[in-house]
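Read in order, the letters of the sequence shown are residues 0 to 1240 in numbering that gives the first Met the number 0.
Virtual Cβ for every residue (Gly too), placed ideally from N, Cα, C.
Just so we're clear, the structure is a prediction, and the values are computed from it rather than from any experiment.
Reading through the structure tokens given below for one structure.
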Amino acid sequence: MPVGELSVPVGSSHKKQGGERMKKTKWRRLMSAAASAFMLTSMLPMYASAADPDGSSAPTEDNLPVSVEYQKVTDTLTDGGTFTIVSSDSSDKDLRIVHLTNGTTKLDRCRVNTAGDTLTPTDCEMSQYAGTHAHAWTISAVADGYTVKSETANGGYININAGSAQAGTEAQTLRIEETAEDGLYTISRTIGDTTYYLAYTSSGWSAGTEAYPVYLYEETEVQAEILPNGSTATGTTQDQPFAAGTGGSANFRIPSLITLDDGSLLAAIDARWNHAGDACALDTILSKSEDGGKTWTYSFPNYFNDSTDAKHSYATAFIDPAMIQGNDGTIYLLADLFPGGVALNTAPKAPLAKSGYEEIGGEYRLVLYASPLPENQAAYTHYVGDFGADGFAPVIDTEDSGTDYYVDQWYYLYNANKEKIYCAQLGSSKYVQQNVFYYNADLHVTAATYLWLVTSTDGGETWSAPSILNEQVRTGDSSDTAKFYGVGPGRGLAMSTGRIVFPCYTFYNADGNSSVIYSDDNGKTWERGEGLSWQTSEATVVEADGRLYMFARHGGYAVSTDGGETWSERQNTPGANIHTGCQINAIVYSKLIDGKTAILLSCPTGGSRANGKIYTGLVQENGSINWEYDYSVTANGGYYAYSCLTELADGSVGLLYENAGSSALYKNIPIADIASGASVGNERVLNVPLYGEYSMTVYEDFAGYDEIDADILDISVTDNGNGSYTVIFTGKKEGTVSFTETNSGIEYTVTVAPGELVNVSLEAGQSQSFILTDDTVGQEADPDIAEAEITSALYSDILGDCPGSLGTDSSYTGEVVGLENALYTFTGSDGNWVISNTDSKGTQVYLNLNGSSGKYPGGTSSTAFGLIAGSREGTFKLRDTSTGRHLHFYRDGQNIFDRCGNSCGTADEMEIFRPAADGETSGSAIPGYVQVTDASEITDGGKYLITAKVDDTYYALYPSTSTGSAYAHVIKIEPDKECIQLAITGVAPGTTDFMAGGVVYRITVSGYLAPVFTWAEDYTSATATFNHTDGSSQTVNCTVSSRTEIEAGCTSDGKMIYTASVEFNGKTYTDTREAVIPSSGHSYGEPVFQWSEDHSACTASVTCSECGDSKAYECEVTSETTEATATTDGATVYTATVTIGETAYSDTFTVTIPATGTDKPSGDTDKPSGDTDKPSGDSDKPAGGNDKPAAGGGADKPSGGNGSGSSDTPKTGDSFGSAFAYLLALAACGAVIIRMRRHRA
């Protein structure tokens, strides 16, 4: 590896020797060359420097050599110094290094990882470049300038000519001048009167006439620094466990997620640092949340520091984590480990079909080689012995059985004295302890792949020494030719029996099949089950109703009844549209759903890594699965790749999924959303659309909802006559109701809310238009507030541009946008066009055919294109000048772009259009655009549509950086596409709803709303408050008038009407209130007493003076007799008493008994005494009202004083003759009435 690869990562700080840049003398340069030679030797495969390493020559802390790094030049150049030349900018913002490959003349380029005070190049020691090229150049002073000579084997010089730069065998004298900006230089050569500058362009290093600044980094000796093993990096993030930059990594892939017994969340993923590849410096980063995903704390359970935190071709890689917590609380973290330089892809070397273990003396041993390269591992030289109590295992030499090395439990190397030994770190000048997995170590494991297991018993705070499981699950089968047996990433399984299970899969020259490894002794020993019978790749496994279910990446699932030791034949998944080109993940939910065990399965759907869903499958009694519910995580082509599910303590579901090519997003999802409308345990949560319906079928009568708020929700039940019932919920008003269904006992919570809500703000007379996908009206607007009208229209009239449709499949039925969004800017000149656009997120997107697939022709880095005339008139072929690839379009129904070589018929012939100028007639099949028929019409900075015609339909290139959906890069041009248009016009201030196509348009017409009246308690005054839609208000006093609507009676209330009037903004508003006039009650007079003939009974009657109503009361009658004597009359006095209301009344009637001593009544016996014939005053007329007499103040109390009476209570004016006749009659009976008297008690 070139010495130029030894540099310091971003953030490192190293003092230069003596605090000054070292000015190299000849001796100093010789020492530097020696140090560089040592560094180069230490970074090359060990077999090149030591056929049989013995450990004694390996550097220890006491004898580290001087290190070399590249430091930015900011002052005088050193004559004869070694430098790296770096661009100052590029079209894609990545800096580039000038490098030269042996035997070539092209000044090629490598990307820069970091370019601060020290330089870290991105490793490009791969494939044909490995060991053949250098970034280093020797700059030597000569007369009138400098020469710049490559340190490759052929040692070419930089030559600058008119319009080009390349390496030549003859030295040219170049000028190297410092610019006004510190740290920047120009490298140039003058030819005639023109000066040409070395410059980086979109097509690579070349020469131009404009001054182009470059950075120079000089090779410098520094004191060696030793880095500690592992990583202690930790920190916290909010909401997301792996936001970009977490732990220093910009890229993350392959998520794992579990919930611990204490409710904490534990997430793991590959930290891929500055790239997204599947090898070459990957580590496992873990993040823990103890608050349900709000706050996360990260750490690194698997971390090798053999390289800087950046891509290096020969770096190790931990990849594909899977976790589970066992029933004893132990956390298991299993990952694949690739040794330096080896991987299934991305790395320079493919793995060998070996386990890494050989049987030696009856036991399998981890064997080691002098070379890390698979082609040089014909015979192992060492093997690892047994670990002792001190944690060390001897490394035994196969030749003499001697021990020159030891390893610890993490497989770091020590010499014979158990001293740490070191090697150079890839990508920096630092040193790290050797490890048998490191490319720069003395000894190397087999160039195979390894299952690396670590455990934690403290919730992921600390981790155990690793166990390499290859010995137990990959040995003993000589027929196994798999290059790889690795983890099915995401989750393992802790069975109800205590067995720990992890899915794994094989890879030969393609995906093999899946099986599981399992442990019944808490991870001490492991077994491998049988593989599935069909090609499966990555898989996920769950336990449900006593069975294991394994779902596989390539489709289908298998069932095991023996804990994963054997598996059934393939079962299909009808009802779940699983994309078969991506990992999937599954869990079993803790509660029954619709009364059955439920499996939740996360996957992309359709034909690409997009449109992610979570399916809910209900396990039937026979073990089959019905996929009853699905929940969309991403839609409309939204990216969705690897994912992992877990159930949180609150019953919600946590999801960690790849939402882009190298990023992952965490979210919590309520189970009620995932299984919408299902019963979960004993609860069912329903979301009913406002003004819409939700329907379900039940199998027993549905009851118990009588008390719900009928203003919010209506429920109707129909007996289907076959044992089933259809229940329809209709949303009437926003709100939530709850009830317990009587027959099932299920607790229902039903929320009514708009399925989709669009807020519309208008002023009176103002209109807004909307595009509808469905014109079904579910709710009309209040016509006093707003008018809503649905009509048909052309998209072109609405957009003011020719329309095109986006989509997620070849039919392109998605969002419709104007073609201005598909216009690409051409920058440059003929044969060297950089073609770019801006996507909907504002990202600069370049036409680039150099990505992972030509079906994704949009990228963030630029490349140059030339235009070649096609065979059909007016067509062009767009050719990438750096690769010769052409843009082409599938016209076979796929309707997507791709790339091809320089011969693909007419599939690569495109038509180019420009916007028509003002007043110009387009005259083309695309209204508003003019076809370009000659390349000379293309101008620098011009904007153009790049289209492919299929029959009579055009498809245009559309800006996207998606690597999950080829359809995201295409727009279908549809000039005559119609739409359904909704026009809403404000009428008067207020708020009203209109619903069409399931979308609720909440219309607010601004202004003052109808007033709110506030009344005084006695209704004699009122105010009116006018609230404005902007939140302000005005309060105005009202004029109040009143009128009697109904007069009050003795027993009936009357009614008074009060009217408040107010004038505001030219309009009069009124409000009325009704007040009750209480009934007056009866106004009864004095009672009239009526005696029976024998005076044993009496009644008292009163009469209302207002309405004539009368009432009679029975009196209590008592009597007292005074016997007559011979000379004195006796008497019987009858007294009647009665209480009317709260007043007591009485009346008396006296009967005289004549004296017994004479035959003739004396004197006045024939005549009642006093005024007995004359009742007093107005005794027959009670005074006053309100049921009480006027005099005396008591209710029902007669007026006046005592008075005589008779059985009929005679009135004034009765004749004397009548009285006298009556007395004679009484006398005949031996008694005479003397007096009657009444009085109030």
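Considering just the uninterrupted stretch of the alpha helix (DSSP H) at residue i, what are its terminal residues?
i	result
L798	Y794 to L798
N469	N469 to V472
For residue i, tell me which candidate among the options has the shortest Cα-Cα distance.
i	options	result
S201	N512, S675, H134 and L846	L846
D1017	L805, C978, V1075 and H1027	V1075
N160	E217, W204, N153 and A1154	W204
Y1112	S1118, T1121 and S1145	S1145
E418	T952, P393 and K429	P393
Q893	D808, T905 and P958	D808
E682	T185, D593 and K732	D593
T402	S55, A321, D629 and V72	S55
F825	T837, W626, E627 and S230	T837
E209	Y199, G291 and T717	Y199
G489	D335, Y556, L372 and N625	D335
S795	V97, I979, G340 and I598	I979
T1058	G853, I770, V716 and T1013	T1013
Quick one: residues in its chain with C-beta nearer than 7 Å to the C-beta of residue i, no 5 flanking neighbours on either side, listed in chain order?
i	result
G660	A275 and T962
N469	S354, G355, Y356, Y449 and L450
Q471	T524 and W525
G730	V687, P688, L689, Y690, G691, L712 and V751
G927	D800, C801, P914, A915 and S921
S12	Bear in mind that a pLDDT of 35 at S12, under 50, signals an unreliable position, so the number given afterwards is only what the model happens to contain. Cβ within range, chain order: n/a, list empty.
D181	T73
Q165	T104, K105, L106 and N158
Following the continuous beta strand (DSSP E) through residue i, name the residue where it begins and the one where it ends.
i	result
L756	E755 to L761
D1029	Segment: none, D1029 is in no beta strand (DSSP E) and carries neither H nor E.
M549	R546 to A551
Y1057	G1053 to F1063
K71	S66 to K71
Y368	E362 to Y368
C1114	That residue, C1114, is in no beta strand (DSSP E); it is neither H nor E in DSSP.
K976	It is not in any beta strand (DSSP E) - K976 carries neither H nor E in the DSSP assignment.
G730	Y724 to G730
P393	A392 to D396
F436	Neither: F436 is in no beta strand (DSSP E) and is coded neither H nor E.
P300	T294 to N301
T1138	G1129 to I1139
K942	K942 to V949
I96	R95 to T100
Leaving out five residues on either side along the sequence, give the residues of the same chain with a beta carbon under 6 Å from the beta carbon of residue i.
i	result
N686	T750
R473	S354 and Y484
Q1033	F1025
P58	Y421
F82	W136, I138, L215 and E217
T329	T454 and T456
Quick one: what's residue i bridged to in DSSP?
i	result
M994	Q778 and V999
V213	S86 and Y184
K971	S804 and Y954
W204	Y199
L442	Beta-bridge pairing links L442 to no other residue.
Taking 8 Å as the limit between beta carbons, can you name the residues of its chain near residue i, skipping five residues before and five after?
i	result
L29	Summary for L29: the model assigns pLDDT 35, below 50, so the residue's position carries little reliability; its value from the coordinates is reported in the next sentence. Around L29: no qualifying Cβ.
Y379	E357, V366, L367, Y368, T397 and T445
Only counting runs of 3 or more residues, tell me where the beta strand (DSSP E) segments fall wholly within the region 659-717, in order along the chain.
662-668, 682-688 and 692-697
Only counting runs of 3 or more residues, tell me where the beta strand (DSSP E) segments fall wholly within the region 215-273, in order along the chain.
234-237, 250-258 and 264-272
Which runs of the beta strand (DSSP E) at least 3 residues long sit entirely within the region 448-531? Give them in chain order.
449-455, 483-486, 499-506 and 510-518
What residue ranges within the region 545-598 form continuous beta strand (DSSP E) runs of no fewer than 3 residues, ordered along the chain?
546-551, 556-559 and 584-587
Which runs of the beta strand (DSSP E) fall wholly inside the region 305-355 and span at least 3 residues, in chain order?
316-324 and 330-337
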